[in-house]
Every structure is written in C-alpha cells, then in structure tokens.
Amino acid sequence: MRRQRSFGHIFGSPFFVGTLSIAIIGWVIAFASSIASDVDSANFSHFAWWAVMYELALILGVTVCVLYNTYEKHKVALAAYAALGVALSSSTCNALIYSDEGAEQAVAVGHIFLSIVNLIWIGYFGSTPDSVSRGWVDGFASTKAPAVPDGPRPQSFAMNGRFASPYPKTLLDAPPRGTQQLASPSSAATPMSNTNGTNTTPQTQVSAPIGFDYRARAIYAYEANPEDPNEISFAKGEILEIADISGKWFQARNTKGEVGIAPSNYLTLIPLDS
1 MRRQRSFGHI FGSPFFVGTL SIAIIGWVIA FASSIASDVD SANFSHFAWW
51 AVMYELALIL GVTVCVLYNT YEKHKVALAA YAALGVALSS STCNALIYSD
101 EGAEQAVAVG HIFLSIVNLI WIGYFGSTPD SVSRGWVDGF ASTKAPAVPD
151 GPRPQSFAMN GRFASPYPKT LLDAPPRGTQ QLASPSSAAT PMSNTNGTNT
201 TPQTQVSAPI GFDYRARAIY AYEANPEDPN EISFAKGEIL EIADISGKWF
251 QARNTKGEVG IAPSNYLTLI PLDS
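All residue numbers for the sequence shown refer to full-length UniProt numbering, where the first residue is 1 and numbers rise by one.
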C-alpha cells in the first residue's frame, strides 16, 4: 500500500516541528562555519565535514519518514542512526570547541545543537507508542497517528481465531460481558418429514461463542476505512473489548457494540479490572 505524503504529519506535531527546526538551525551553523574554517585554515578537520554531511542525511531521513508516516516501522534504525550521530557530533565538538578560531568554535556550537536533537530522537524512537514519555509527547500532536499495518486484511471478523463470518461489524444487542453468540446463516430450523410421516425439526446449529477475554485502550483515534466494512472506528482513550490479539489486526468490540477489526498499533492492552 502506497503511503500518502502529508506535511500535516510534521506541522501537526510540536515535537517534530521543534526538533527538526533546532536540527536545521544547528546544521546550518555547522555547515556555514565549516566553510569559513576551511577557507581560513588549511588544517581544518576533514572529520568535521564527514560529521556535518552525516547529520544532513539523518535530518533528511527523519523528515521523509515523518512525511510519509512510516517512522514507526523504521524507529529502530532511526534510533541507531541518531546514536551514531551523537558520537560524530560529540567528537567534532570536542575537537573544535577549544580552538582559538571563532569559526571553529561556531562549528562546535552547531554540533552541540545537533547532539541535543540526536539524544532526543534516541529517546523518542527508542520508546514504544504506549510508553509514558511517548504518550505525553504524542498527546500534544493534532494529527499524529501511526501508520496502519501493512499486509492483507481479513475479509470478515474473526470467530475463534479464524475469519469465517460473512456478516462483519454486527451491532449486538447488549450481550453478556465477555461472550456473544453468532448463529450460522444455515441455522434456521426447517421442518422435515421422517419415515413415519411425522414432522421433525433439526437441531439449530449455533457457532461457538466469541470470548472477549482482553481489554485495550485506544492510544490514537481511528476512523474506519469506508472501503472496508470490517473495520470499526473508535476514539482516543476509548476502551475496547478484544477477542483475538494475534496478528496486526485485533478482533474488537467498541463501546457502540460494533464488532470488527482494529489496527493493533493503535491500541494498548490493559488489565480486565482496570
């Protein structure tokens, strides 16, 4: 599935607006000062050029991942690249901060800004979406949400772990908590005649109940895809009952009683008694 680019993913998040702005300012200072230092001194460190170019690639990589809302898929790599960025920027800063040349000191100042942003990115990308720090940071975002899981979606909601029912998103009539009964389409009773001429009615076939044995809190709001009738919508903070937690899509029931599938990375499991 192709990702849609949106600048709202950046401008809707104060975190990314702030960190990218500081990173760009720091990089411009480091780059411009590196040019001035290289012109004034023939002994300017070539390592400093490698560090400033690496930081440019890192800033562009983070920007692209946020634009296409794919940073959750690449967060491990982004955290690792940011850690390497800290090492490069810190080494450059340590080599130039004590110089007598003002331009070289300015290079060090630029790398101080970059090191600070890299450390913040390590903390952010190295945390899970349901962590306290991530939850607090993402709470300020107006349009932030993780990417919907890739891969084939079930064609109907799960029954005992297998997607079999042709009637998704059924509105239930206040079933007992934790279970619901779904009748098979072929369960209607049909009178039949036996060999003695008397009518008999076959036993009604009823599918096994679905047990909603888990609960989850929505850490992001989700609007169901209108092209997929199996999905359900829910609001941020809503408590959903979960029947199947295998795979990237959970079988869930929202507070409206709608049963369907929900992306697992929008939810965090909570104790039943909470």
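Ideal Cβ placement from N, Cα and C applies to all residues, glycine included. Keep in mind that this is a model prediction, so the values were computed, not measured.
Excluding residues up to 5 positions away in sequence, I242, I245, L269 lie with their Cβ nearer than 7 Å to the Cβ of Y214 in the same chain. For R134, the enclosing alpha helix (DSSP H) stretches over residues 132 to 138.
As the crow flies, the alpha-carbon of T19 is around 14 Å from that of V64. Your pair A224 and L240 does not check out as a contact, with CB atoms roughly 13 Å apart and the cut at 8 Å. Going by beta carbons, S89 and H74 fall outside the 8 Å limit.
For T70, there is no enclosing beta strand (DSSP E), as DSSP gives it neither H nor E. When DSSP reads this structure, R215 sits in a beta bridge with E241, I270.
Inclusion of E101 and S37 in the CB contact set at 8 Å is warranted, their separation being smaller than that value. One thing to note: A216 has its Cβ within 8 Å of the Cβ of L267. Taking a 10 Å sphere around the C-beta of E55, we find 16 or more other C-beta atoms and assign the residue as buried.
Contact between the stretch 79 to 97 and the stretch 114 to 129 is present: three or more C-beta pairs spanning the two stretches fall below 8 Å.
Straight across, the Cα-Cα distance linking D40 with F31 is about 14 Å. Per DSSP, the beta bridge partners of I261 are E231, Q251.
In the three-state DSSP reduction, Y222 falls in the strand class (E or B). With a cutoff of 8 Å on beta-carbon distance, A23 and L119 are scored as not near each other.
Close CB contacts of F250 within its chain, under the 6 Å cut and outside five residues either way in sequence, are with I242, A262, S264 (chain order).
S33 and A48 have their C-alpha atoms roughly 11 Å apart. Around the beta carbon of R253, 16 or more other beta carbons lie within 10 angstroms, which makes this residue buried.
For P14, the uninterrupted alpha helix (DSSP H) run begins and ends at 14 to 40, by DSSP.
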